[in-house]
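To get my numbering, take the position in the sequence shown, counting from 1, and add 871.
Here a beta-carbon is modelled for each residue, glycine too, at the ideal position from N, C-alpha and C.
Given the structure is predicted, the values throughout are model-derived calculations rather than measurements.
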Amino acid sequence: MSPPMSSKGKDSAAARILGSGASGVAELLIFHPVDTVAKRLMSNKAKVSFQTLSPIIFRDAASATFARKFFSLFPGLGYAAGYKVAQRVYKFGGQPWFNDLINKHYKTQFTNTFGERKGKMMMQATAGSLTGIGEVVLLPLDALKIKRQVNPEAFRGRGVVRIFMEEGTTLYRGWGWTMARNAPGSFALFGASAVTKEYALGVTDYSKATWGQNFIASVSGAIASITVAAPLDVVKTRIQNANFEHKVPGLTVVKELLKNEGPSAFFKGLTPKILVVGPKLVFSYTLAQSLIPLFSKYV
């Protein structure tokens, strides 16, 4: 899942930032509405039926025109932009960096434990897991994006600078659950992708995988990742979408969810996320692979 190598060697850091950042912007504009739908379904505590689906998804715009309904799915776009671009830059550059670090210092341990072939895949997965854990530093932007999507009343007319000054560490609420979600989720993403390339597609040098091979590996990895992380993602989302002054412990969310909605509620919003995750990952990954070498010619 790391950006490809150019013929001149490793792509520059600037090229990776520009290429992955541009792919994040393009991905955001296309897939942000689906993300909003998923977040609103995950935050909904009532039973979902055909009659209640529109008010849950479109909120106040449920009875409005199609255009207004569509644009109602773009709340928090500014926060989402900052989060998505930073996340893509970090994810595309961070996972290869962690993999290089593990390969340099712990390759022998992984090889002795899992063997040469499986050890390589485990290093990819472990690097992905470490990258996912580190994403917690971007949590404030993610929290603001989710609040704007599902609970805009929490802002009460305040701008982003004022919110950062007044709320401080409150924006890191749910950091433990975020790390708990990201660790297995990113492990499954990069691990399943590596397994698919290695065993299903016969690719041993991942950097030389074709577009079609990357497509298949990305879809399988993404589906595995989102399914594994779904229960913790629901808990994290409900912690983050509450009002700033209302602190909701994660265990309380789990207890109330099981009591009022049942175990299946842990997978609310999973279907739209899975339906979009294939083209979403393929789109951003393919675009990054195209843009990074292009930018490498100039930076």
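Pick helix, strand or coil for residue i, following the three-state DSSP scheme.
i	result
Lys-975	helix
Pro-875	For Pro-875, the pLDDT reaches just 44, beneath the cut-off of 50, and the residue's location in the model is therefore unreliable, leaving the point undetermined.
Arg-1044	coil
Gly-880	The predicted model places Gly-880 with a pLDDT of 44, which falls under 50 and marks its position as unreliable; any figure quoted below should be read in that light. Looking at Gly-880 - three-state DSSP - the assignment turns out to be strand.
Glu-1132	coil
Phe-945	coil
Tyr-1070	helix
Val-908	helix
Tyr-1169	coil
Asn-970	helix
Val-1106	helix
Asp-1076	coil
Val-1008	helix
Val-1176	The requested residue 1176 is not part of the displayed model; the chain covers only 872 to 1170.
Ser-1064	helix
Pro-1055	helix
Ala-932	helix
Gly-986	coil
Val-1119	coil
Can you check which of these residues, the options, is closest to residue i by C-alpha distance?
i	options	result
Val-1066	Phe-969, Gln-958 and Lys-989	Lys-989
Ile-1145	Asp-1076, Gly-1121 and Thr-1098	Thr-1098
Lys-918	Glu-1132, Tyr-1169, Arg-1044 and Tyr-1156	Glu-1132
Ser-1155	Phe-963, Pro-904, Phe-942 and Val-905	Phe-963
Lys-1136	Phe-985, Gly-890, Ala-897 and Lys-910	Here residue 1136 is Ala; the residue named in the question, Lys, does not match the sequence. Closest by alpha carbon: Lys-910.
Val-1105	Asn-1053, Ser-1091 and Gln-922	Asn-1053
Phe-929	Ala-952, His-976 and Pro-904	Pro-904
Glu-987	Arg-1033, Val-1119 and Glu-1069	Glu-1069
Asn-1085	Gln-958, Gly-953 and Leu-1158	Leu-1158
Met-993	Leu-924, Asn-974, Lys-1168 and Asp-931	Asn-974
Gly-1140	Arg-1109, Leu-1122, Pro-1150 and Pro-1120	Arg-1109
Kindly give me the distance between the Cβ atoms of residue i and residue j, rounded to whole angstroms, as I take these residues to be in contact under 8 Å.
i	j	result
Trp-1048	Leu-1010	Wrong, their Cβ atoms sit about 10 Å apart, outside the cutoff.
Ser-1089	Leu-1128	Actually they do not touch by this definition, with Cβ atoms about 31 Å apart.
Gly-895	Lys-955	5 Å
Ala-1051	Leu-1012	Between Leu-1012 and Ala-1051 the Cβ distance is about 19 Å, and since that is not below 8 Å, they are no contact.
Leu-899	Ala-952	6 Å
Between residue i and the ligand COA, is there a pair consisting of the residue's CB and a ligand heavy atom that are separated by less than 7 Å?
i	result
Arg-939	Here there are no bound small molecules, and the ligand COA is not part of this structure.
Next on the checklist: Contact between the region 1072-1082 and the region 1046-1060 is defined here as three or more beta-carbon pairs at a separation below 8 Å; is this criterion met?
Outcome noted: no
Next on the checklist: For the region 1048-1057 against the region 994-1011, do three or more pairs of beta-carbon atoms, one drawn from each stretch, fall closer than 8 Å, so that the two count as touching?
Outcome noted: yes
Checklist entry - Can at least three beta-carbon pairs, one atom from the region 1162-1170 and one from the region 907-918, be found at a separation below 8 Å? => result no
Next on the checklist: Quick check: the region 930-948 against the region 962-977, are at least 3 beta-carbon pairs closer than 8 Å?
Outcome noted: no
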